[in-house]
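Numbering (the working numbering), first residue to last: 8 to 466. Cβ coordinates follow ideal geometry from the N, Cα and C atoms, glycine included.
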Ligand SMILES: [Fe+2]
Ligand SMILES: [Fe+2]
């Protein structure tokens, strides 16, 4: 669905598709009765609709504008280029630009609820650029749901032009007393949840260890993976969907290994583990099916992108830390669900960061719970540190670059609206982490500009 062309491509027109979901940097067109939708953090979604022809389009811009070459490569990632691009596409698809009306949503800032933390201003710049782009084309904005510190889901119904904007801000259940004392997780319940999750990936962890050796025996590695049929099936499904069409299906682990090589194969094993753990809906964090998986993959990819000059080994480690940073959310889904209405009510009434309220009420936060599991898996301590501190990178006594990288990558994933959860934007971005990584607003914009290309390629 992404495009790197400068002329709108009419193959994107979903003639018989009922729902089309786009992600950061993409656009789509549709006609009644289709529904177009997207999730937004600091990005802005622009929904255009022509009520006479019932043709409409949706654009998800990441940045206000960029260098000419980057805008040419990915016009729909930028408000400056994406808006005229979408309007031109709608004209070709049977709409009439003189009849178009617009709704814009998103552009959240990423300060914490108490107003602290860094705010790069990207959300506000996206809002201003979107307004200006629409004004230049004479398209009236009939509704805006922008700014503030939470993500949104934007949905355009082409049957009647209705636009629904939902907030990712946690909703108060109204059933709990926010002043009630915490309900610490009984240690046995926590241990059981972690133990169950430990066994999920024993074979995968052994396989990853074996695959570290460049001279390892492919036959032995295949036999090991086949001990876990769920893992084996997942690897084959991922390899076939990520790399090849149905005409060139890969049907065995050994063929996958031969085709991908060890480095990409290790990555695929990791992705299979992540899919197994993260694909389900999380009631605790209001995350839809697949949301945590996509959030984790995006964070992993961004962690690599934040280290462009690092050796391959360091980038691979950053990928792994980014991939499993929210492991603790799965732990809490299994053992702390009953406490979440109280956590949400407390967050709303106290304006404290979500993870601090988790700690107050449960005795530990999801970052610390994730570290417990990572340690049980036998991951090296640096990964445990990056997971444990991904919401508070400055609390470590020694500076660990990986901790800052995962912290920033997580914030960027939320800004892109990937896998929004009830705690997404309200956990903040530490200015000190940006300073230590030498990241200013310009550098962050450069990383975001890489996103459409980087997310397209991931394996
Ligand atoms: Fe987190
Ligand atoms: Fe996260």
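query, result
"Helix, strand or coil at residue 425 [DSSP, three-state]", "coil"
"Buried or exposed (CB count within 10 angstroms, at least 16 for buried), residue 237", "exposed"
"Heavy atoms of ligand 1 versus C-beta positions, residues under 7 Å", "332, 333, 336, 362, 373, 374, 397, 398, 417, 430, 434"
"Alpha-carbon to alpha-carbon, residue 298 and residue 284", "12 Å"
"At least 3 beta-carbon pairs within less than 8 Å: the region 42-54 vs the region 151-159", "yes"
"Complete alpha helix (DSSP H) runs within the region 364-445 (minimum length 4 residues, chain order)", "373-384, 388-395, 408-422, 438-443"
"Closest by C-alpha distance to residue 323, when choosing among 203, 272, 145, 248", "272"
"Check whether residue 457 and residue 400 have beta carbons under 7 Å apart", "no"
"Spatial neighbours of residue 390 in its chain, beta-carbon cut-off 6 Å, leaving aside the 5 residues before and after", "328, 381"
"Alpha carbon of residue 36 to alpha carbon of residue 63, nearest angstrom", "6 Å"
"Buried or exposed (CB count within 10 angstroms, at least 16 for buried), residue 435", "buried"
"Given 8 Å, three or more beta-carbon pairs between the region 345-363 and the region 211-231", "no"
"Reduced DSSP secondary structure (H/G/I, E/B, other) of residue 301", "helix"
"Opening and closing residue of the alpha helix (DSSP H) in which residue 357 lies", "347-357"
"Where residue 85 falls, given that 16 or more other Cβ within 10 Å makes a residue buried", "buried"
"Counted within 10 angstroms of its Cβ, other Cβ atoms place residue 449 as buried (16 or more) or exposed", "exposed"
"Integer-rounded CB distance, given that residue 343 should sit under 8 Å from residue 201", "Their Cβ separation, rounded to whole angstroms, is 12 Å, which puts residue 201 and residue 343 out of contact at 8 Å."
"Identity of the residue in 267, 70, 39, 439 nearest residue 58 by Cα", "39"
"Beta-carbon proximity of residue 467 to residue 233, cut-off 7 Å", "A question about residue 467 goes unanswered here, because the residues of the chain that appear run from 8 up to 466."
"4-residue-minimum alpha helix (DSSP H) runs that sit fully inside the region 31-89, ordered along the chain", "75-80"
"Residue 173 - partner residues in DSSP beta bridges", "160"
"Cutoff 6 Å; reference residue 89; Cβ partners in own chain excluding five residues on either side", "66, 68, 82, 83"
"Pair within 7 Å by beta-carbon distance, residue 1 and residue 338", "Beyond the ends of the chain as shown, which are 8 and 466, falls residue 1; an answer cannot be given."
"Three-state class that DSSP yields for residue 112 in the structure shown", "strand"
"Separation of residue 407 from residue 325, as counted between CA atoms", "12 Å"
"Cβ-Cβ distance between residue 174 and residue 53 below 7 Å", "no"
"Residue 427 and residue 50 closer than 7 Å at C-beta", "no"
"Residue of 243, 268, 206 minimising C-alpha distance to residue 218", "268"
"For residue 229 and residue 205, the rounded distance between their alpha carbons", "21 Å"
"Residue 207 versus residue 154: straight-line alpha-carbon distance, rounded", "40 Å"
"Where the alpha helix (DSSP H) through residue 215 begins and ends", "209-217"
"Secondary structure of residue 151, DSSP reduced to three states", "strand"
"Runs of alpha helix (DSSP H) lying entirely within the region 273-330, each at least 4 residues, in chain order", "298-312, 319-330"
"Residue 282 beta carbon less than 7 Å from that of residue 420", "no"
"Bridge partner(s) assigned by DSSP for residue 28", "44"
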